[in-house]
Structure formats: C-alpha cells, structure tokens
Amino acid sequence: MSSGSMTNSEDGLQDKGRAQRQPGALQRQLVQTLDYEQLMNCMRCGFCQPSCPTFRETGLEAASPRGRIALMKAVADGLMEPDAAFKQQMDLCLGCRACEPVCPSDVKYGQLLEQTREVLFEHTEPQPGAIPLRRLHKLAKPVFKRHRRLRLMSTILQAYQRSGLQRLARRGRMLRWLPQHMQTMERIMPQADSRGVVKRAGGHRFPAKGERIGTVGLFRGCIMDVLFTETNVNTVRLLTEAGYDVVIPEEQSCCGALFSHSGDRKTAREFALQNVKAFREADVDYIASNAGGCGATLIEYNHLLAEEAEWAEPARQFSKQVKDISELLLRSGRWNELADPAKRSPDADSRSSVTVTYQDSCHLRNVMRSGDSPRRLLRMMPNTKFVELEGAEICCGSAGIYNLVQPQMANDILDARMDAVDETQASVILTSNPGCLLQMKAGVEREQAHDRIQVMHIVDYFAEKVLK
Ligand code: SF4
Ligand code: SF4
C-alpha cells in the first residue's frame with residue numbers, strides 16, 4: 001500500500017538504515033495507541049472529502065481524511081510500515097478538523113491524528129536540514145510554562161522592534177537570507193508588549209458593570225498576551241461591560257496546543273494540569289477564550305487528562321466551563337443594547353457603516369462548535385454590513401505553525417481564501433484566532449492590498465465599535 005507521493009524529505013523515517021533498525025517499535029507503538037474502534041467507525045463514505053483543504057488542493061486520496069484514516073488502519077492491521085510517506089501525509093494534515101462535523105459516523109479524526117502524531121514525535125529522530133522539533137520543544141517548554149519568562153522573552157522582541165534594529169535590518173536588507181514566508185511573517189508581526197493584560201488592564205480582578213450575571217476566568221494565552229495584549233484588554237472590557245466579573249488567574253500557563261498538535265502530548269498534559277488547578281482555585285463560572293486554537297485545546301482537557309486519576313473529573317468540569325468570548329457575549333443577553341449606540345444613548349452617533357467579512361477559526365467552528373456566535377453578534381450590529389465569505393469554513397492555512405513548516409501548501413490555500421475575500425469587497429477581514437489573523441494579514445501582504453483591506457481580531461472590532 002502506498003501512502004502518497006513524497007514532496008518533503010526531511011524526517012528521520014526516511015533514513016532507510018534507521019527504518020530497517022526500528023520499524024517494529026514504531027509500528028507496535030501505533031498499534032497500541034491508535035483507537036481501533038474509531039478507525040473501524042469510518043465507513044469510507046467520503047462525505048468528508050470536499051471539506052478537506054489538503055484534498056481540495058492535491059486531489060490525492062492519501063491527503064484526505066478518509067485516506068489518512070485508511071493509512072492509520074493499514075498500519076494498525078500490520079498491512080504497511082509507518083514509512084516516511086505515511087509520516088508526510090500525517091504532517092501535511094492541517095489538523096483543522098473540518099472533516100469532523102460533516103462525518104455521519106462521528107469519527108473522532110482529531111483524536112486519531114493526535115494519537116498518531118504522539119507516537120511519531122517520540123520515534124522520529126531529527127535529520128540534517130529538518131526542524132529539530134524535540135529540541136525546540138525542550139527549549140520552549142520552560143518559557144511557555146511560566147508566563148513571567150514568556151514576558152521576559154517578549155522584551156527582546158520589543159527591543160528589536162522599537163530600538164531601530166528592525167528598521168536597520170529591513171533597510172540593510174539583512175532579512176533577505178530568510179525564506180520568503182519568514183520575511184512575510186517578519187513584516188506582519190504585531191508590536192510586542194511585554195506588560196501583558198494584567199499590567200495593561202491594571203490587575204487580576206475586574207468588577208462587572210451594572211447587574212452581575214456571573215464570574216469569568218480569562219484565559220490570557222501565551223503569544224496572545226504578548227503580541228495581542230490589546231485584544232486581551234478589550235476582552236476584559238467587553239466582558240465586564242456585558243455584566244461579568246472577570247478574574248485572571250496568575251498561575252495559568254499556555255494551553256499546550258503548540259505541543260499537542262505536533263505530538264508532544266506529555267508536555268501538553270503538564271500544561272493542562274497547571275491550568276485546571278489555576279482555574280479551579282479561581283472558582284469561576286466560565287473560562288473565557290478569545291483564540292479559537294486555545295479554546296479548542298482547553299475544551300478537550302477532558303480527553304487529554306482522562307487517564308489522570310485525580311484530575312480526570314476536575315478536567316471534565318473545566319472543559320464544560322470553557323467558552324469563546326462570542327458565546328459569552330451572546331449569553332449575557334445585553335449585546336443588542338451594547339452594540340447599538342442609539343439604544344444606549346439617544347444622542348450617540350451611529351458611526352458610519354463598514355463592510356466586513358469573517359474568516360472562521362477552524363477550531364472555534366469544528367471543535368468548539370461556536371462558529372455561529374461571532375456571526376450572530378455581527379448581524380446585530382447596526383453600523384456593520386456583514387458579508388459572508390465564500391468557503392469561510394475552509395482553513396486559511398495557518399493551523400498553528402503549519403504555515404511555517406508547510407509553507408507551499410499554506411500559501412496555496414491562502415491564495416484561494418484571498419480570492420474569496422476580494423469577491424466580498426469587504427474593507428475589514430475579521431477573525432477569532434491570532435494565527436488566522438496573521439495568516440490573513442500575510443494574504444493581504446502577498447496581494448499588496450493594505451490600502452483597501454484591514455485585518456482585525458473580532459474582539460478589537462467590537463471594542464472599537466462598542467466601547468469607544
Ligand atoms: S465522512 Fe467519516 S465515515 Fe465517511 S469517509 Fe470521512 S471519516 Fe470516514
Ligand atoms: S483535519 Fe483538516 S486537513 Fe486534516 S484531514 Fe481533516 S479536513 Fe483534512
């Protein structure tokens with residue numbers, strides 16, 4: 001059985017010598033780890049194929065959900081070796097999980113993918129020229145685990161951006177040695193703010209405005225808090241305005257998505273435990289996320305910690321409490337009043353109308369199943385003309401660090417998304433996830449369309465329209 005054509009040849013599984021030395025161990029581990037019942041649930045109907053961005057781009061069965069499940073099952077049945085081509089197809093998957101909501105058999109594809117990646121992560125040795133994932137994770141873990149250290153790191157980026165070094169590097173064309181997609185990323189990188197939301201907003205607790213309807217614990221994120229600090233501050237402001245007390249537990253860590261998506265579930269579990277403990281102590285009604293990728297990881301802590309005897313039940317409770325901010329704003333029942341300045345004050349100006357479109361965060365839509373909430377909020381805004389983006393549910397190509405490790409596929413997908421954006425004639429693209437936001441910004445940069453299209457986090461758009 002073939003697992004598809006090779007386009008990337010950088011991982012250890014291609015080393016024939018090594019593959020001959022250890023194929024049994026990898027295969028045995030996959031057989032033990034893969035949930036065979038889930039593999040059997042796939043009835044090979046193919047309903048998932050049209051939703052899959054990698055299948056749409058390549059037309060290859062092996063690059064589709066059905067194909068990948070067939071590959072996993074063939075390995076589990078001992079019909080094929082988990083060779084380099086097998087790994088390549090698992091790497092090429094965006095993990096966007098668009099294949100899940102459309103599956104009539106309710107196959108938990110995301111879980112199968114993470115089980116596979118966990119085993120591959122443990123068994124694959126880095127090769128010359130490839131990204132040394134295990135070493136990177138080892139370096140990144142202490143930084144992402146302690147927010148203080150992350151803020152310290154962000155001061156370095158802040159110094160680079162503000163000291164004139166960045167200007168110098170750009171003018172001196174020093175960045176031209178970077179691959180094209182990294183140069184684009186450098187150009188669109190937001191200004192770092194090492195203060196984070198706690199310092200910027202002035203504390204860990206914020207009282208509700210008006211009648212209190214509940215207490216929300218803010219999940220501030222890692223990258224989110226130092227590169228999108230303003231969005232976190234706006235999240236606090238919108239939630240308090242909607243009637244929630246907001247608490248920001250200091251001991252929380254990164255959600256672990258960066259680690260679990262690339263197979264390092266062990267580190268992801270450590271982060272999950274830290275977060276479950278931190279939010280349990282904070283005693284909140286809800287846990288608010290403003291990043292679809294983080295929210296989807298948090299909401300699945302019940303699976304991630306299912307084997308932790310003492311923490312399985314608290315993790316289940318935690319998962320139930322996790323909500324995207326758009327859902328919390330809807331639940332408050334106050335959005336209608338908040339979004340319409342005329343309803344709040346007869347003298348308020350209605351502000352000029354703007355045409356916006358919305359690119360889904362795959363994880364918000366397919367895992368948190370909250371894709372409708374941002375749209376409902378937008379439709380209630382009187383000063384906003386919301387135009388639906390054709391294929392908004394298709395991944396933009398960001399998918400964590402996918403756009404960095406699979407730039408060709410990510411750019412092909414992005415170009416198709418930008419064609420759809422142009423059709424809407426919107427002047428603002430809204431998203432609910434920092435990765436999607438940067439990816440859509442990269443799309444605007446590739447099209448040189450800065451003068452006509454702005455990209456914003458939906459929270460910042462709401463804050464600009466509702467709070468100012
Ligand atoms: S839709 Fe579900 S059952 Fe059908 S092929 Fe895809 S994963 Fe299998
Ligand atoms: S997660 Fe996304 S890219 Fe991967 S198989 Fe499913 S739809 Fe395709």
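Numbering (the UniProt record's numbering), first residue to last: 1 to 468.
Just so it is clear, CB atoms sit at the ideal spot from N, CA and C, and this is done for glycine as well.
What is the DSSP secondary structure of residue i, reduced to helix, strand or coil?
{"i": "Leu389", "result": "coil"}
{"i": "Thr124", "result": "coil"}
{"i": "Leu79", "result": "coil"}
{"i": "Glu35", "result": "Note that residue 35 is Asp in the sequence shown here, rather than Glu. Three-state DSSP puts Asp35 in coil, outside helix and strand."}
{"i": "Val459", "result": "helix"}
{"i": "Lys16", "result": "Annotation note: pLDDT 36 at Lys16 (below 50); position unreliable, coordinate value reported separately. Note: Lys16 maps to helix in three-state DSSP."}
{"i": "Gln425", "result": "coil"}
{"i": "Ser326", "result": "helix"}
{"i": "Gln27", "result": "helix"}
{"i": "Ile394", "result": "coil"}
{"i": "Leu218", "result": "strand"}
{"i": "Ile287", "result": "strand"}
{"i": "Phe206", "result": "strand"}
{"i": "Asp225", "result": "helix"}
{"i": "Gln454", "result": "strand"}
{"i": "Leu430", "result": "strand"}
{"i": "Val444", "result": "helix"}
{"i": "Asp245", "result": "strand"}
{"i": "Val356", "result": "strand"}
{"i": "Arg21", "result": "Residue placement at Arg21 is flagged as unreliable, the pLDDT there being 40, under the threshold of 50; the coordinate-derived value follows with that caveat. Residue state, collapsed to three classes: helix."}
Could you give the C-beta distance for residue i and residue j, rounded to a whole number, given that I count them as a contact under 8 Å?
{"i": "Ser262", "j": "Arg68", "result": "Not confirmed; about 16 Å, so no contact."}
{"i": "Val236", "j": "Val226", "result": "Not a contact, Cβ separation roughly 16 Å."}
{"i": "Phe462", "j": "Leu238", "result": "6 Å"}
{"i": "Gly400", "j": "Leu175", "result": "Contact doesn't hold; Cβ gap of about 23 Å is too wide."}
{"i": "Leu330", "j": "Leu378", "result": "Not quite, the Cβ-Cβ distance comes to about 11 Å (not below 8 Å), so this is no contact."}
{"i": "Val459", "j": "Asn290", "result": "5 Å"}
{"i": "Gly214", "j": "Tyr286", "result": "6 Å"}
{"i": "Arg76", "j": "Val31", "result": "Inspection of the sequence shows that residue 76 is occupied by Ala rather than by Arg. Yes, they are in contact, since the Cβ atoms of Ala76 and Val31 sit about 5 Å apart, within 8 Å."}
{"i": "Ile413", "j": "Glu57", "result": "6 Å"}
{"i": "Gln252", "j": "Ala278", "result": "4 Å"}
{"i": "Val198", "j": "Ile248", "result": "6 Å"}
{"i": "Lys87", "j": "Leu39", "result": "That pair is no contact at about 18 Å."}
Give me the residue from the options with the minimum Cα distance to residue i.
{"i": "Cys103", "options": "Gln180, Pro65, Arg135, Tyr36", "result": "Pro65"}
{"i": "Thr431", "options": "Arg187, Pro374, Glu300, Lys385", "result": "Pro374"}
{"i": "Pro318", "options": "Gly202, Leu305, Pro407", "result": "Looking at the sequence shown, residue 318 is not Pro but Phe. Considering only alpha carbons, the answer is Leu305."}
{"i": "Gln183", "options": "Arg170, Arg195, Met440, Pro190", "result": "Arg170"}
{"i": "Glu307", "options": "Lys385, Arg334, Phe279, Leu273", "result": "Leu273"}
{"i": "Val356", "options": "Arg331, Val421, Ile413, Arg334", "result": "Val421"}
{"i": "residue 471", "options": "Gly202, Leu238, Arg146", "result": "As shown, the chain starts at 1 and ends at 468. That puts residue 471 outside it, with no answer to give."}
{"i": "Gln439", "options": "Asn403, Gln454, Asp460, Gln425", "result": "Asn403"}
{"i": "Phe228", "options": "Arg265, Arg200, Pro249", "result": "Arg200"}
{"i": "Glu100", "options": "Leu139, Cys48, Arg280", "result": "Cys48"}
{"i": "Pro179", "options": "Gln406, Glu447, Ile413", "result": "Gln406"}
{"i": "Arg149", "options": "Gly333, Pro249, Arg334, Arg195", "result": "Arg195"}
{"i": "Ala339", "options": "Lys141, Val119, Val197, Ala242", "result": "Ala242"}
{"i": "Leu94", "options": "Asn411, Glu423, Glu447", "result": "Asn411"}
{"i": "Arg417", "options": "Ser361, Pro249, Thr267", "result": "Ser361"}
{"i": "Cys255", "options": "Leu165, Val276, Arg28", "result": "Val276"}
{"i": "Asp264", "options": "Ser332, Ala140, His457", "result": "Ala140"}
{"i": "Ser260", "options": "Asp193, Glu114, Gln158", "result": "Glu114"}
{"i": "Glu81", "options": "Met153, Gln38, Pro434, Gly24", "result": "Gly24"}
{"i": "Ala29", "options": "Tyr244, Gly292, Val119, Met43", "result": "At residue 29 the sequence reads Gln, which differs from the Ala that was named. The residue with the shortest Cα to Cα distance from Gln29 is Val119."}
Output yes or no for whether 8 Å exceeds the beta carbon distance between residue i and residue j.
{"i": "Ser353", "j": "Asn383", "result": "yes"}
{"i": "Arg173", "j": "Glu445", "result": "no"}
{"i": "Ala315", "j": "Gly217", "result": "no"}
{"i": "Lys320", "j": "Met381", "result": "no"}
{"i": "Phe206", "j": "Thr240", "result": "yes"}
{"i": "Leu112", "j": "Leu34", "result": "yes"}
{"i": "Gln425", "j": "Leu389", "result": "no"}
{"i": "Ala85", "j": "Cys52", "result": "no"}
{"i": "Met185", "j": "Ala442", "result": "yes"}
{"i": "Thr54", "j": "Leu92", "result": "yes"}
query: Quick check: the segment 100–112 against the segment 206–223, are there 3 or more CB pairs under 8 Å?
result: no
Practice task
Say whether the segment 308–325 touches the segment 390–409, bearing in mind that this needs 3 or more beta-carbon pairs closer than 8 Å, one atom from each stretch.
Solution key: no
_Quick test of the definition: if touching needs 3 or more C-beta pairs under 8 Å, does the segment 356–374 touch the segment 289–305?_
yes
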